[in-house]
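Enquirer: In our numbering, the protein residues as written are 1444 to 1846.
Think of the CB as a built atom: it goes at the ideal place given N, C-alpha and C, for glycine as much as any other residue.
What you are looking at is a predicted structure, and each value in this text was computed from that prediction instead of being measured.
One structure is given below, represented as structure tokens, and several questions about it will come after.
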């Protein structure tokens, strides 16, 4: 029986991504192992991307049609609203009274790039000496959480932030801190990204990391044996409904945020990555230190590994250093849906929920630099994320088995 203490429980999860529009369609995609990439023509070059499938796109457009104000919002905001309503409804928090507000419900939605699509559109209009009065309010980062709060009737704190690709896990960290401090009764935390725009893709190509494998079944290949960059952009959002609960309030099958670790290192390159992955080491050790001293192992690590040779190698080196003896199974979902930047940590957390519930871990389907191991049971999953600037975050999720 667990010792009496407070837990951060995931009461609901909303997701929309290249793999589907909800838990069920995403689970089908994970089970089938079918990647979600297509090829577009970007600046005259065939370029792989991971966009929403037709079914998810249709549901997103239905959301847009449900409220005339939504037609003016950036795609990143719409993805966040869609996922947040799903999470809130799953948790049983979504009120049908559109005029009511839940003062104890706080929101923290993050994004690495924010309203990229609208910003590019408005800037193009500006260059032609045409500027819309809606350009500022619809491109400011703050409208991410404020519109989500409007959509779900949240009357508590509304926080929008960006800490590059660690953004979503930092939102979860904020949620846990606010709940434990008593500054909120319930918390929606997650990340959203809609980066499939000309300028954003061009930026990633300029760094020299974008995948050239447009004609390969798997254009994004984390841990690939071949020394090449296979970074591929994807879009999506995932939002979690978090609540504080005592041990007595937990039930078998509940999933708790058991530990949160943060790490940082001085920038030694334009991406802030060191060969030893010091920021990953710090974040993982910080999270592991919060686990019971007699049981600090994890069954699976969902790595950040975006398919860049230097970044993937650094994270694997960090894992080898931290888990020098009992190395857990290592996996990722980016070979299926690409790198969704600020939403990637949230989508990895959603993948962790799938692993904890399904107990299914599939091997990587291309030559990889890691050995595949399938744990006999998955009860604890570590999720890593790191971003430009030297930051890293780590969240450990645990499935409650019994009492």
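Pull up the DSSP beta-bridge partners for residue 1686, would you.
Expert: 1452 and 1629
Enquirer: Roughly how many angstroms lie between the CA atoms of residue 1697 and residue 1452, to the nearest whole one?
Expert: The alpha-carbon separation between residue 1697 and residue 1452 amounts to approximately 7 Å.
Enquirer: The alpha helix (DSSP H) that contains residue 1587, what's its start and end?
Expert: 1586 to 1595
Enquirer: Given 8 Å as the limit, is there contact between the stretch 1519 to 1530 and the stretch 1589 to 1596, that is, 3 or more CB pairs closer than that?
Expert: yes
Enquirer: Would you tell me roughly how many angstroms separate the C-alpha atoms of residue 1617 and residue 1602, rounded to the nearest one?
Expert: 9 Å
Enquirer: Between residue 1534 and the ligand ADP, is the CB less than 7 Å from at least one heavy atom?
Expert: With respect to the ligand ADP, the structure shown offers nothing to examine, as it has no ligands at all.
Enquirer: Quick check on residue 1693: does DSSP put it in helix, strand or coil?
Expert: coil
Enquirer: Would you kindly check if the distance between the Cβ of residue 1775 and the Cβ of residue 1745 is under 8 Å?
Expert: yes
Enquirer: Going by DSSP, what residue range makes up the beta strand (DSSP E) through residue 1707?
Expert: 1698 to 1707
Enquirer: Give me whichever residues DSSP pairs with residue 1489 in a beta bridge.
Expert: 1484
Enquirer: Going by beta carbon distance, what residues of the same chain come within less than 7 Å of residue 1586, once the five residues before and after it are set aside?
Expert: The residues are 1520 and 1580.
Enquirer: Mapping the DSSP letters down to three states, classify residue 1836 as helix, strand or coil.
Expert: strand
Enquirer: Looking at residue 1688 and residue 1723, is the spacing between their C-beta atoms short of 8 Å?
Expert: No.
Enquirer: How should residue 1680 be labelled, buried or exposed, when 16 other C-beta atoms within 10 angstroms of its C-beta is the threshold for buried?
Expert: buried
Enquirer: Are residue 1812 and residue 1668 close, meaning C-beta to C-beta below 8 Å?
Expert: yes
Enquirer: Since residue 1559 contacts residue 1479 with CB under 8 Å, what's their CB separation in whole angstroms?
Expert: That pair is no contact at about 20 Å.
Enquirer: Using 10 angstroms around the beta-carbon of residue 1449, count the other beta-carbons present and answer buried if the total reaches 16, otherwise exposed.
Expert: exposed
Enquirer: Given a threshold of 16 other Cβ atoms within 10 Å of its Cβ, counted over all protein chains shown, does residue 1576 qualify as buried or as exposed?
Expert: exposed
Enquirer: Around the C-beta of residue 1844, are 16 or more other C-beta atoms found within 10 angstroms, so that it is buried, or is it exposed?
Expert: Result: exposed.
Enquirer: To the nearest whole angstrom, what separates the beta carbons of residue 1672 and residue 1604, a pair I think is in contact under 8 Å?
Expert: Taking C-beta atoms under 8 Å as the contact rule, residue 1672 and residue 1604 fail to qualify, at a distance of about 28 Å.
Enquirer: Exposed or buried, residue 1472, counting other C-beta atoms within 10 Å across all chains shown (16 or more means buried)?
Expert: buried
Enquirer: Per DSSP, residue 1825 is paired with what?
Expert: 1744 and 1839
Enquirer: Just list the alpha helix (DSSP H) runs in the stretch 1513 to 1573, keeping only unbroken ones of 4 residues or longer that don't cross its boundaries, in chain order.
Expert: Segments of the alpha helix (DSSP H) lying fully in the stretch 1513 to 1573: 1518 to 1534 and 1559 to 1570.
Enquirer: Alpha carbon to alpha carbon, what distance is there between residue 1834 and residue 1731?
Expert: The alpha-carbon atoms of residue 1731 and residue 1834 are separated by roughly 18 Å.
Enquirer: Can you give me the C-alpha to C-alpha distance between residue 1493 and residue 1806, rounded to a whole angstrom?
Expert: 21 Å
Enquirer: Taking the alpha-carbon positions, what's the residue 1510 to residue 1460 distance?
Expert: 22 Å
Enquirer: Could you tell me which residues DSSP puts in a beta bridge with residue 1608?
Expert: 1606
Enquirer: Which of the three DSSP states is assigned to residue 1674 in this structure?
Expert: strand
Enquirer: Identify every run of the alpha helix (DSSP H) within the stretch 1750 to 1833, keeping only runs that are complete inside it and at least 4 residues long; order them along the chain.
Expert: 1752 to 1765, 1777 to 1780 and 1787 to 1801
Enquirer: Helix, strand or coil: how does DSSP classify residue 1650 here?
Expert: helix
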